[in-house]
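Number of protein chains: 2
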Amino acid sequence: MTLIHAFDDVRPAPTRPAQPARPVAANDDILAGIGVRMTFAKDEEIYGQGEDADLVYRVVSGVVRTSSFTADGRRQIGDFYYPGDTFGVETGEAHLMAAEALTDCVVMIAKRKALRLAVGDERVQAMIWDATVRELERSREHLLLLVRKTACERVASFLKGLAERAEGETVELAMSRQDMADYLGLTIETVSRMVTQLQGVGVVEFKSCRHFRVRDRAALETMAAS
Amino acid sequence: MTLIHAFDDVRPAPTRPAQPARPVAANDDILAGIGVRMTFAKDEEIYGQGEDADLVYRVVSGVVRTSSFTADGRRQIGDFYYPGDTFGVETGEAHLMAAEALTDCVVMIAKRKALRLAVGDERVQAMIWDATVRELERSREHLLLLVRKTACERVASFLKGLAERAEGETVELAMSRQDMADYLGLTIETVSRMVTQLQGVGVVEFKSCRHFRVRDRAALETMAAS
DNA sequence: CGTGGCTTTGAAACATTTCAATCATCGTGG
DNA sequence: CCACGATGATTGAAATGTTTCAAAGCCACG
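Quick look at the structure:
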């Protein structure tokens with residue numbers, strides 16, 4: 001983990017324009033103003049499971065993954081966070097999941113307390129509320145995906161989600177097949193097969209295993225069946 | 227739906243003592259004070275999917291279920307709510323799921339606005355926050371159950387959860403096998419088989435299909451594998 | 001006592017996983 | 001620059017778990 005500098009360099013996230021789909025609240029730049037800017041190398045841990053959760057994080061560039069392990073070693077992926085996304089806001093004292101850098105990434109970090117001093121309690125409250133609500137919504141959607149969707153539908157939903165977030169024609173998969181599998185509640189082999197299958201029917205096209213483009217949006221949405 | 231009376235009869239929930247495991251906040255009796263007390267017959271709808279969500283609900287007696295349907299008719303159960311539980315608090319404008327009375331039940335209902343006038347904004351905010359946090363926690367746990375648990379583990383977890391909430395030796399299942407199945411992401415047949423199987427190995431004992439008792443708590447917890 | 005709804009059980013079909021092998025990609029060192 | 005090994009992805013075949021379809025059992029209710 002590399003600390004670049006703190007409490008200055010207040011430029012907002014450069015790598016990617018703000019997500020168009022999501023309503024960006026006024027608190028969006030709170031962190032940019034007083035946060036500490038840090039970079040993490042691929043696979044580096046940002047925080048660990050069980051650690052104290054009094055910091056708030058925002059992805060500037062790169063992708064972050066939260067995950068936890070069950071007693072018997074099964075991994076669960078909480079979610080993937082993209083530039084502009086806030087993460088690490090817990091409802092309790094400690095982090096229930098660990099966060100890792102999926103790619104090299106830049107993250108703004110701030111203490112809740114420092115934020116309160118800097119921008120006032122209300123705005124911090126509002127930010128925490130927003131982050132929590134978003135967490136709940138993600139969780140619900142994830143749930144829906146897992147309860148009654150087939151392997152194919154899950155993979156289709158996932159790719160559709162990625163495609164919606166990406167701005168360009170070709171979409172990059174920041175995560176490995178294993179990450180996808182753990183997120184979707186499948187095995188890597190099944191994920192791989194479904195990807196191949198979706199490509200076979202002409203819905204998507206993979207240039208490499210980490211890059212694809214949607215060839216038939218309508219069909220993809222049908223297959224996502226949400 | 228039967229309206230008994232409103233804005234008086236401020237006795238708190240009589241049927242069951244407050245959940246011991248959960249920290250009961252000071253806002254616990256807010257609703258009892260100014261809420262409207264209503265009864266719903268089994269299978270009656272309390273609110274519908276898409277309806278405006280400016281009311282807050284608390285179960286006094288009976289059990290409530292939230293559910294929604296996907297486009298192709300698959301039902302998803304959100305959760306089951308027991309006496310003392312708050313439900314119907316949404317993060318957006320409308321209810322994402324419908325709520326139905328699983329059994330005959332009594333529910334306290336209040337307008338958010340009325341609550342604010344009666345007890346002040348902070349306490350209402352606190353209650354909404356608590357309800358949202360609990361929702362998120364339930365959702366996460368539910369997720370964990372679905373991602374990487376076998377049918378047997380899911381059913382074991384579910385029975386374990388019920389047993390923990392119940393105070394007596396024998397536990398009543400308020401919900402049908404279909405409800406369990408939709409909650410656990412399984413079919414009724416599979417649920418039934420797993421129940422039989424758990425009984426076969428002596429972990430639980432079913433007196434009827436709606437009543438059971440735990441015979442081997444340790445084994446049940448092992449099988450729940452959470 | 002019979003009917004209807006829910007639950008259980010059985011057998012076959014199906015989807016996904018597991019195990020195993022092959023294939024690609026990429027960085028390293030000769 | 002190419003061969004090499006390492007890592008991750010794909011593919012195949014068999015095994016497994018869950019679902020589907022079908023039938024029987026149970027219980028409550030009229």
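Chains A and B, in that order, give the protein sequences. This note's numbering numbers the first residue of the first sequence as 1 and each following residue consecutively. This note's numbering numbers the first residue of the second sequence as 227 and each following residue consecutively. Cβ coordinates follow ideal geometry from the N, Cα and C atoms, glycine included. Please read all numbers here as calculations on a predicted model, not as lab measurements.
Check	Outcome
N-terminal and C-terminal residue of the beta strand (DSSP E) that MET323 of chain B is part of	Run containing MET323 of chain B: none; DSSP gives neither H nor E here.
For VAL191 of chain A, three-class secondary structure by DSSP	helix
Check: TRP129 of chain A C-beta below 7 Å from any heavy atom of the ligand GTP	Absence of the ligand GTP from the depicted structure is noted, as is the absence of any ligand whatsoever, leaving it without description.
Complete beta strand (DSSP E) runs within the stretch 130-177 of chain A (minimum length 3 residues, chain order)	170-172
Segment contact, 8 Å Cβ cut-off, at least three pairs: the stretch 325-335 of chain B with the stretch 284-292 of chain B	yes
Within-8 Å CB hit, HIS95 of chain A to chain B	no
Short Cβ contact (8 Å threshold) for GLY200 of chain A with ASP216 of chain A	no
Beta carbon of ASP305 of chain B nearer than 8 Å to that of THR292 of chain B	yes
CA nearest to the CA of ASP83 of chain A, picked from A:ALA174, A:ASP182, A:LEU117, A:VAL124	It should be pointed out that residue 83 of chain A corresponds to Pro in this sequence rather than to Asp. Nearest option by C-alpha distance: A:ALA174.
Classification of ALA181 of chain A by the beta-carbon crowding that lies within 10 angstroms, buried from 16 upward	buried
ASP305 of chain B (DSSP reduced to helix, strand or coil)	strand
Nearest-angstrom Cβ-Cβ length linking ALA99 of chain A and TYR47 of chain A, presumed shorter than 8 Å	5 Å
Delimiting residues of the beta strand (DSSP E) encompassing THR39 of chain A	36-40
Simplified DSSP state of ARG439 of chain B, which is helix, strand or coil	strand
ALA444 of chain B, DSSP secondary structure in three states	helix
Collapsed DSSP secondary structure at HIS255 of chain B in the structure displayed	For the sequence presented, residue 255 of chain B should be read as Asp rather than His. Looking at ASP255 of chain B - three-state DSSP - the assignment turns out to be helix.
Cross-chain neighbours of VAL63 of chain A in chain B, by beta carbon under 7 Å	Near VAL63 of chain A there are no residues of chain B at all, since even the closest Cβ is about 20 Å away, more than 7 Å.
Continuous alpha helix (DSSP H) stretch holding VAL250 of chain A: start and end	Only positions 1 to 226 of chain A appear in this structure, which leaves residue 250 of chain A out of reach.
Against chain B: residues of the stretch 143-154 of chain A by CB proximity under 7 Å	LEU143, LEU144, LEU146, VAL147, ARG148
Residue-level contact to chain A via CB, GLY411 of chain B, 8 Å cutoff	yes
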